[in-house]
Amino acid sequence: MKAVRISGTENYAEEAPELLKPYERVDFADHHRSVIHLIPETPGRVLDIGAGTGRDAAGFVALGHTVLAVEPTEELRRGAMLLHPSAMIAWVDDSLPDLAAVRVRGEEFDVVMLTAVWMHLDELQRRQAMPNVSALVRNGGAMIMSLRHGPVPPGRRMFEVSAEETIALAQPLGLRCTLKREPEPSRQQPGVSWTRLAFRKALP
Numbered sequence: 000m001k002a003v004r005i006s007g008t009e010n011y012a013e014e015a016p017e018l019l020k021p022y023e024r025v026d027f028a029d030h031h032r033s034v035i036h037l038i039p040e041t042p043g044r045v046l047d048i049g050a051g052t053g054r055d056a057a058g059f060v061a062l063g064h065t066v067l068a069v070e071p072t073e074e075l076r077r078g079a080m081l082l083h084p085s086a087m088i089a090w091v092d093d094s095l096p097d098l099a100a101v102r103v104r105g106e107e108f109d110v111v112m113l114t115a116v117w118m119h120l121d122e123l124q125r126r127q128a129m130p131n132v133s134a135l136v137r138n139g140g141a142m143i144m145s146l147r148h149g150p151v152p153p154g155r156r157m158f159e160v161s162a163e164e165t166i167a168l169a170q171p172l173g174l175r176c177t178l179k180r181e182p183e184p185s186r187q188q189p190g191v192s193w194t195r196l197a198f199r200k201a202l203p
């Protein structure tokens, strides 16, 4: 099934060669230090939405998990597959808000990651996306995400998103907020900060 294209990936294709190196320099465990304790110790299934260079997908594999990595930018996806070849990572060309190619697989995941991706969706798209993402989290599973705050780089499509709005969208879908980390300054981008949120899907 062909993924439904949305705006939000502007300039990522053109900048893919330049993005691969700086993204890969950021250590997986250090980058996710505030939420790493929420990742299951036993092997499970992880959905990485907006997988970029594959750094995080490879990090989850190192912890023993299998990963479905979703990345709509072909240039990033190809580069990631070369950087992190692994039989435990399956790559899918798909995008928010629909995630049509992922949903048609009929899978549920122990962990769904949305790292540096939610800010690419406008308000309507966020409302459309949350039920689709929630449906992919198994009962008792976790959804972990980061929200970007700060100036938008030239040529990029990004929106300011609050933790309060995100929590309000998730709660009616059975996703309870279990962690909210106040905005932390980015080490790589002056003036940019990130809020970390984690949710647990209610058991029936």
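For the record, in the sequence shown the residue sitting at position 192 is 191 according to numbering that gives the first Met the number 0, with numbers rising by one throughout. C-beta: ideal position from N, C-alpha, C; glycine also.
*Should the segment 160–178 be called in touch with the segment 98–113, which here means at least 3 C-beta pairs below 8 Å?*
no
*In the structure shown, what three-state DSSP assignment does Ile166 receive?*
helix
*Would you call the CB atoms of Gly53 and Ala28 closer than 9 Å?*
no
*Below 9 Å between beta carbons: does that hold for Leu120 and Arg195?*
no
*Check the DSSP bridge columns for Asp47 and list the partner residues they point to.*
Ala68, Met112
*Using beta-carbon positions only, say whether Ala100 and Asp92 come within less than 9 Å of one another.*
yes
*Express the C-alpha separation of His83 and Arg180 in angstroms, rounding to a whole number.*
30 Å
*For Phe59, does the three-state DSSP call read helix, strand or coil?*
helix
*asked:* Using only the alpha-carbon positions, how far apart do Asp97 and Arg175 sit?
replied: 22 Å
*Simplified DSSP state of Glu107, which is helix, strand or coil*: coil
_Opening and closing residue of the alpha helix (DSSP H) in which Arg156 lies_ = First-last for Arg156: undefined, no H or E at that position.
*Host beta strand (DSSP E) of Arg102 (start-end)*: It is not in any beta strand (DSSP E) - Arg102 instead sits in the alpha helix (DSSP H) that spans 99–102.
*Using 10 angstroms around the beta-carbon of Ala134, count the other beta-carbons present and answer buried if the total reaches 16, otherwise exposed.*
exposed
*Of the residues Leu95, Val136, Glu159, the one placed nearest Pro203, counting alpha carbons only*: Val136
*Look up Ile143 in the DSSP assignment and give the residues it is bridged to.*
Met112, Ala197
_Nonlocal neighbours in the same chain, by C-beta distance under 6 Å from Leu178, ignoring five residues either side_ = Ala197
*Cα-Cα, which of Val191, Leu172, Val132 is closest to Gly208?*
In the structure as shown, the chain begins at 0 and stops at 203. Residue 208 is therefore absent and cannot be evaluated.
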